[in-house]
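Protein chains: 2
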Amino acid sequence: MNPFTFHAMSYGVYIVSTWDHGRPTGCTANCAAQITANPATVMVSINKENFTNRCIFDCGHFAISVLAENSDPSVIGTFGFRSGKDFNKFDSVPYQVRDTLPIVSDSCAYIACRVIDTMDSPTHTVFLGEVIGAEKLSDNPPMTYAYYHSVIKGKTAKNAPTYLEEKTEPAPEAKERYVCSVCGYEYNGNIPFEQLPEDWKCPVCGQPKKVFRKK
Amino acid sequence: MNPFTFHAMSYGVYIVSTWDHGRPTGCTANCAAQITANPATVMVSINKENFTNRCIFDCGHFAISVLAENSDPSVIGTFGFRSGKDFNKFDSVPYQVRDTLPIVSDSCAYIACRVIDTMDSPTHTVFLGEVIGAEKLSDNPPMTYAYYHSVIKGKTAKNAPTYLEEKTEPAPEAKERYVCSVCGYEYNGNIPFEQLPEDWKCPVCGQPKKVFRKK
Numbered sequence: 000m001n002p003f004t005f006h007a008m009s010y011g012v013y014i015v016s017t018w019d020h021g022r023p024t025g026c027t028a029n030c031a032a033q034i035t036a037n038p039a040t041v042m043v044s045i046n047k048e049n050f051t052n053r054c055i056f057d058c059g060h061f062a063i064s065v066l067a068e069n070s071d072p073s074v075i076g077t078f079g080f081r082s083g084k085d086f087n088k089f090d091s092v093p094y095q096v097r098d099t100l101p102i103v104s105d106s107c108a109y110i111a112c113r114v115i116d117t118m119d120s121p122t123h124t125v126f127l128g129e130v131i132g133a134e135k136l137s138d139n140p141p142m143t144y145a146y147y148h149s150v151i152k153g154k155t156a157k158n159a160p161t162y163l164e165e166k167t168e169p170a171p172e173a174k175e176r177y178v179c180s181v182c183g184y185e186y187n188g189n190i191p192f193e194q195l196p197e198d199w200k201c202p203v204c205g206q207p208k209k210v211f212r213k214k
Numbered sequence: 000m001n002p003f004t005f006h007a008m009s010y011g012v013y014i015v016s017t018w019d020h021g022r023p024t025g026c027t028a029n030c031a032a033q034i035t036a037n038p039a040t041v042m043v044s045i046n047k048e049n050f051t052n053r054c055i056f057d058c059g060h061f062a063i064s065v066l067a068e069n070s071d072p073s074v075i076g077t078f079g080f081r082s083g084k085d086f087n088k089f090d091s092v093p094y095q096v097r098d099t100l101p102i103v104s105d106s107c108a109y110i111a112c113r114v115i116d117t118m119d120s121p122t123h124t125v126f127l128g129e130v131i132g133a134e135k136l137s138d139n140p141p142m143t144y145a146y147y148h149s150v151i152k153g154k155t156a157k158n159a160p161t162y163l164e165e166k167t168e169p170a171p172e173a174k175e176r177y178v179c180s181v182c183g184y185e186y187n188g189n190i191p192f193e194q195l196p197e198d199w200k201c202p203v204c205g206q207p208k209k210v211f212r213k214k
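Chains as they are written, first to last, in numbering that gives the first Met the number 0: chain A, 0 to 214; chain B, 0 to 214.
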């Protein structure tokens with residue numbers, strides 16, 4: 000089995016959100032899909048170690064915010080590389096409440112769901128949701144997971160279904176590389192990393208320059 | 000709820016295949032996703048009215064062939080707009096047997112699975128499969144569902160989770176249009192439809208020119 004085969008599957012980039020006893024929280028997800036058309040149902044796969052997993056069980060509802068190609072990519076890092084247990088992810092990400100659920104304002108569509116079934120798997124819970132509300136928020140093209148990897152140069156969180164160990168990725172080139180210690184983003188701009196301004200931030204997770212490590 | 004919101008979700012284009020008592024069969028699918036990384040599991044959502052649904056239950060295994068942007072689009076129609084009950088879909092589509100399952104040769108990757116769980120929904124069964132084999136077959140870019148709709152101008156089968164009634168689609172333009180009565184493909188080439196050669200075939204489902212109707 001070649002684990003890179005799974006890269007051939009196509010996905011979007013989503014923020015799955017819910018309430019933690021009145022506090023909005025959520026995580027980045029790529030494995031979401033419509034399951035039935037009428038009535039409309041949608042599934043998401045969330046790692047059991049993610050704080051969001053337990054919150055969806057408790058709340059019984061979740062929303063999917065569909066990120067667009069022009070959505071601020073730091074949202075992906077904020078929701079994908081930190082735990083919502085001790086950190087208020089929505090403090091730095093504008094949101095609105097639609098159909099009783101918190102959704103990311105900087106997205107092109109949202110789908111709000113009531114959990115009607117779950118399926119267990121070794122590491123993830125598949126939540127099946129009946130759609131209680133769904134609206135487009137803009138006509139901007141949705142971000143695909145391929146776009147996130149190839150254009151934004153984003154990485155995959157360890158809890159994602161599509162995560163592959165770093166060691167199985169292609170060998171690095173023989174040049175100096177700077178990598179974000181929080182999200183794994185590798186800087187590849189034309190300006191030498193050392194010459195970037197001190198207030199420069201990781202474009203994926205929004206962390207400051209000082210968290211970058213030379214590889 | 001705006002049902003067009005669901006168009007913002009991103010998918011690939013897949014042929015889900017299995018055996019019908021030794022006869023290869025399958026159907027077109029877009030709702031497939033990796034659920035866990037280790038062990039690797041993958042889900043597909045198949046309409047209960049699809050012949051393939053019963054065959055996967057009987058066989059206990061399925062394979063996902065990932066179509067590429069340059070895969071012959073008539074494969075999508077052959078597998079998406081006809082029933083495998085009375086029609087040998089693989090008679091006109093070259094295939095090979097990998098990890099005991101029939102897969103479409105003209106694809107860029109395949110994932111072979113053993114069914115380990117199912118989840119019921121009003122119209123579809125979600126099959127959760129443990130991956131027993133997965134390989135890339137080419138480096139051609141995978142076809143996304145957006146590519147299928149925007150570049151190939153393909154339509155959605157009635158049994159797909161993402162199907163929307165035709166009547167809810169935008170109003171037609173005031174010019175003569177020819178539409179395939181089998182798969183719904185609308186001809187939009189530069190050559191007037193009447194001047195196409197008699198052996199011209201629908202690029203989506205492979206049906207002859209005579210099945211087209213003027214709208």
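Think of the CB as a built atom: it goes at the ideal place given N, C-alpha and C, for glycine as much as any other residue. All figures in this text were calculated on a predicted structure; none of them were measured in a lab.
Short of 7 Å from the beta carbon of A:Gly132, and not among the five residues preceding or following it, lie these beta carbons of its own chain, in chain order: Arg97, Asp98, Ala111. The alpha carbon of B:Glu185 has as its nearest neighbour, out of B:Glu193, B:Leu195, B:Val203, the alpha carbon of B:Val203.
Pairing B:Pro72 with B:Ile63, the inter-Cα distance amounts to about 16 Å. A direct Cα-Cα distance of roughly 12 Å separates B:Gly79 from B:Phe86. If you compare the alpha carbons of A:Ile55, A:Val92, A:Pro38, A:Ile75 with that of A:Gly21, the shortest gap goes to A:Ile55. For B:Thr143, the three-state secondary structure derived from DSSP is strand.
Chain A places no beta carbon closer than 7 Å to that of B:Asn139, leaving this residue out of the contacts. Contact annotation for A:Asn1 against chain B: Ala133, Glu134, Lys135 [CB-CB distance below 7 Å, chain order].
With a contact defined as Cβ atoms closer than 8 Å, B:Gly25 and B:Val114 miss out at about 15 Å.
Using a Cβ-Cβ cut-off of 7 Å, A:His60 is close to nothing in chain B; its nearest Cβ partner there is about 15 Å away. Taking a beta-carbon distance threshold of 7 Å, A:Gly25 does not count as an interface residue toward chain B.
In the structure shown, B:Thr51 falls within a helical segment according to DSSP collapsed to helix, strand and coil.
When DSSP states are grouped into helix, strand and coil, A:Asp116 belongs to the strand group.
The beta-bridge partner set that DSSP reports for B:Gly183 is empty.
Cβ-Cβ distances below 7 Å link A:Leu195 to Lys208 in the same chain, with the five nearest sequence neighbours on each side left out; the list follows chain order.
With respect to B:Ala108, B:Leu136 sits close: the two C-beta atoms are nearer than 7 Å. With a threshold of 7 Å between beta carbons, A:Tyr146 makes no contact with chain B.
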